[in-house]
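Everything on this sheet refers to the single structure shown next.
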Amino acid sequence: MQQIKHGGRRPRPSSAPTIIAAMLCVVALVAAGTAWWMLRPQQKDTLEHLAQPQSSSSTLNRDKAPTPKPQKSQEQQKAADDSPAAKASRAIATMSLDERAGQLIMAPMFAGGNPADLSALISTRHVGSVVLIGNWNNGTAAAKTAADALQSYAPSGNQLIVSTDQEGGQVQHFKGSGFDTMPSAVAQGQMSADTLRSSAKTWGGQLKQAGINVDLAPVLGTVQVKRSSNAPIGALNRDFGLDSNGNAQHGIAFIEGMRDAGIGATVKHYPGLGAVTGNTDFTTEGILDTMTTLDDEEIGAFNTTIKQAKPAMVMMSLATYQRIDSSAPAAFSSKIIDGTLRGSVGYDGVVISDSLSAAAVSGIATKDLGVRLVDAGGDLACIGDTSYVTPILDGIIARAQSDPAFAKKVTASATRVMTLKYQMGLAK
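Residue numbers (the working numbering): 202 to 629.
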């Protein structure tokens, strides 16, 4: 290195070595500090720990990670869900196939009959619902005696759905002391919606006094042909006699009035019997609907009512709808039940058939009737002839035993029925 002259005088001895040494010390210290802070957290903690007195518990716990909160198990999470659907799922999980299938059957009991005649079906075959039909003219007390006897055969934690057709006019199965004489549905259609709701609450309260918990009403068909020629609805004044919007608003009022009394209501007969001439109960003629479509006003009355009032059940028609699904009656049509009612409309409640002992489906083997209903997405087989109950039940079980996919449908249907029971306080 060249020396730099300064003023001609000899320069002092250079202090560069000292400066360099100091700089090297600084660099070493910085490097040491960097190495310290670059240590992995585990090493740093260990060194700090070693540098502190072992008795210092505060230092030992200073950097300790917080204890994670225990997570609930799936079983605990399920137990915490007390919704009717969750309770139903848990109940169904404990049931045998025979018990699940039994929940899909609604057996008939006729006026004047002996409740004990249904004892074995309920207690041994696990039938979960009963329909009371015929002319029950002895008032609420006699009806309650029969209903209580039927309930005594069912498990205390899984009581029966006890239903009837109490529409008014010509279709009123229960009369006598404690029951009002109900006007026809056409006359109900002339009431305001508020008045009808109030009246339905009164009629529902009378059913409740009789031990009945579901009314298979109202009829929501919109008559599209000459009334006198429309045998199942118009000729009997079973509809509200209005356009589809009026029918929907009165249907909603009826359902809400029944609900006010603690009674479940059932809209029927989806997607409507207002365009046929034959009565599906009694004939196979005149039961092909060539008019109704999926965007028709008649089905619109049902869909509006179902979305707004959320009835306990929807009853499927046994007519065939040429412009919707010409391959099967509505009760056996997956396009109508799964595709439209459950899919497009979004109804997730109980789907019940019209009577499977009706003439309209007499050409189908009895053992296949319940199978076809459940396979299409339906849940509850309503039966108007006691001799049909065992074959229909056995048919469902046999198909489920041989077909896992169908067995899953049985489980889904039984879960919907049990969900309704939990909603109504019939199951515990």
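A virtual CB, placed ideally from N, CA and C, is assigned to each residue, including glycine. Only a predicted model underlies this, so the values are computations on that prediction, with no experimental measurement involved.
Could you give the DSSP three-state label for residue 546: helix, strand or coil?
-> Counting from 1 along the sequence shown, the entry for residue 546 is found at position 345. Residue 546 falls in the coil class under three-state DSSP.
Can you give me the C-alpha to C-alpha distance between residue 399 and residue 318, rounded to a whole angstrom? Your numbering for residue 399 matches position 198 in the sequence shown. Your numbering for residue 318 matches position 117 in the sequence shown. Taking the straight line joining both Cα atoms gives about 37 angstroms.
Classify residue 380 as helix, strand or coil using the three-state DSSP reduction.
On the sequence shown, position 179 is the one that residue 380 refers to. Coil, per DSSP.
> DSSP three-state call for residue 441: helix, strand or coil?
Replying inline: In the sequence shown, residue 441 corresponds to position 240, counting from 1. Correct three-state label for residue 441: coil.
Counting pairs of Cβ atoms below 8 angstroms between the region 324-333 and the region 354-364, do you hit three or more? yes
### Query
Just to confirm, are residue 589 and residue 616 a CB contact at a threshold of 7 angstroms?
One-based indexing of the sequence shown puts residue 589 at position 388. One-based indexing of the sequence shown puts residue 616 at position 415. Against a cut-off of 7 angstroms, the Cβ pair of residue 616 and residue 589 comes out as no contact.
Any contact of the region 527-537 with the region 571-590, i.e. 3+ C-beta pairs under 8 angstroms? yes
Since residue 309 sits in a beta bridge, which residues does DSSP pair it with?
In the sequence shown, residue 309 corresponds to position 108, counting from 1. DSSP, once it has assigned bridges, lists 332 as partnering residue 309.
Measure the CB-CB distance between residue 351 and residue 601 and report whether it falls below 7 angstroms. Within the sequence shown, residue 351 is the residue found at index 150, counting from 1. Within the sequence shown, residue 601 is the residue found at index 400, counting from 1. In this structure, residue 601 does not lie closer than 7 angstroms to residue 351 by Cβ.
(request) For the region 490-556, list the beta strand (DSSP E) runs that are entirely contained and at least 3 residues long, ordered along the chain. (result) 514-517, 526-530 and 551-554
Does the beta-carbon distance from residue 621 to residue 513 come in below 7 angstroms?
For the purposes of this step, residue 621 is identified with residue 420 of the sequence shown, where counting begins at 1. For the purposes of this step, residue 513 is identified with residue 312 of the sequence shown, where counting begins at 1. It is a contact, given that the beta carbons lie within the stated cut-off.
Starting from residue 362, trace the beta strand (DSSP E) both ways and give me its first and last residue.
The residue given as residue 362 occupies position 161 in the sequence shown. That run of the beta strand (DSSP E) goes 362-365.
- Taking only runs that begin and end inside the region 279-303, name each unbroken alpha helix (DSSP H) of 4 or more residues, in chain order. 285-294 and 298-303
ask   = Would residue 618 be called buried (16 or more neighbouring beta carbons within 10 Å of its own) or exposed?
value = Locating residue 618 in the sequence shown gives position 417, where the first residue counts as 1. It is buried - the Cβ of residue 618 has at least 16 other Cβ atoms within 10 Å.
Can you look up residue 389 in the DSSP assignment and give me helix, strand or coil? For this step, residue 389 is matched to residue 188 along the sequence shown. Here residue 389 sits in helix by DSSP.
- prompt: Helix, strand or coil: which one does DSSP assign to residue 426?
  reply: To locate residue 426, count along the sequence shown from 1; it is residue 225. Residue 426: coil per DSSP, three-state reduction.
Apart from the five residues on each side of it in sequence, which residues of its chain come closer than 8 angstroms, Cβ to Cβ, to residue 374? For the purposes of this step, residue 374 is identified with residue 173 of the sequence shown, where counting begins at 1. Counting only Cβ-Cβ distances below 8 angstroms, and skipping sequence neighbours, we find 312, 333, 334, 335, 336, 337, 365, 366 and 367.
Secondary structure at residue 375, three-state DSSP: helix, strand or coil? Stepping through the sequence shown from its first residue, residue 375 is reached at position 174. Here residue 375 sits in strand by DSSP.
Cα-Cα, which of 587, 570, 613 and 584 is closest to residue 597? Numbered from its first residue, the sequence shown carries residue 597 at position 396. Of the candidates 587, 570, 613 and 584, the one whose C-alpha sits nearest the C-alpha of residue 597 is 570.
- prompt: Quick one: Cα of residue 471 to Cα of residue 495, how far?
  reply: Sequence index remark: in the sequence shown, residue 471 carries index 270 (1-based). Sequence index remark: in the sequence shown, residue 495 carries index 294 (1-based). Distance between the alpha carbons of residue 471 and residue 495 is about 11 angstroms.
(request) Could you have a look at residue 470 and say whether DSSP puts it in helix, strand or coil? (result) Locating residue 470 in the sequence shown gives position 269, counting from the first residue. Strand.
In its own chain, which residues sit with a C-beta less than 6 angstroms from the C-beta of residue 585, not counting the 5 before and 5 after it? Translated into the one-based positions of the sequence shown, residue 585 becomes position 384. So the qualifying residues of the chain are 309, 556 and 558.
Q | alpha helix (DSSP H) segment containing residue 571, residue limits | A | For this step, residue 571 is matched to residue 370 along the sequence shown. 567-576 is the span of the alpha helix (DSSP H), which, as asked, contains residue 571.
Practice item. Within the same chain, show all residues whose beta-carbon is closer than 6 angstroms to that of residue 530, passing over the 5 residues directly before and after it, in chain order. Key: The residue labelled residue 530 in the question sits at position 329 within the sequence shown. Excluding sequence neighbours, residue 530 sits near 519 and 521.
Self-check item: Whole-number beta carbon distance between residue 515 and residue 467, since they are thought to touch under 8 angstroms
Solution: Numbered from its first residue, the sequence shown carries residue 467 at position 266. Numbered from its first residue, the sequence shown carries residue 515 at position 314. Residue 467 to residue 515, Cβ: 7 angstroms. Contact.
Note to self: Buried or exposed, going by whether 16 or more other CB atoms sit within 10 Å of the CB of residue 186?
What the structure shows: Nothing about residue 186 can be read from this structure; the chain reaches only from 202 to 629.
Residue span of the alpha helix (DSSP H) that contains residue 317, given as start and end = For the purposes of this step, residue 317 is taken as the residue at position 116 of the sequence shown. Looking at the DSSP string, residue 317 is not in any alpha helix (DSSP H), and its letter there is neither H nor E.
Worksheet item: Counting Cβ pairs, one atom from each stretch, are 3 or more of them under 8 angstroms apart for the region 490-506 and the region 397-413?
Response: no
In chain order, what residues of the same chain lie with their CB nearer than 8 angstroms to the CB of residue 434, ignoring the 5 residues before and after it?
Along the sequence shown, read from residue 1 onward, the residue named residue 434 stands at position 233. The residues are 420, 422, 424, 440, 474 and 475.
task = Pick out whichever of 539, 344, 302 and 370 has its Cα sitting closest to the Cα of residue 418.
result = Residue numbering aside, residue 418 sits at position 217 when the sequence shown is read from its first letter. The candidate whose alpha carbon is nearest that of residue 418 is 370.
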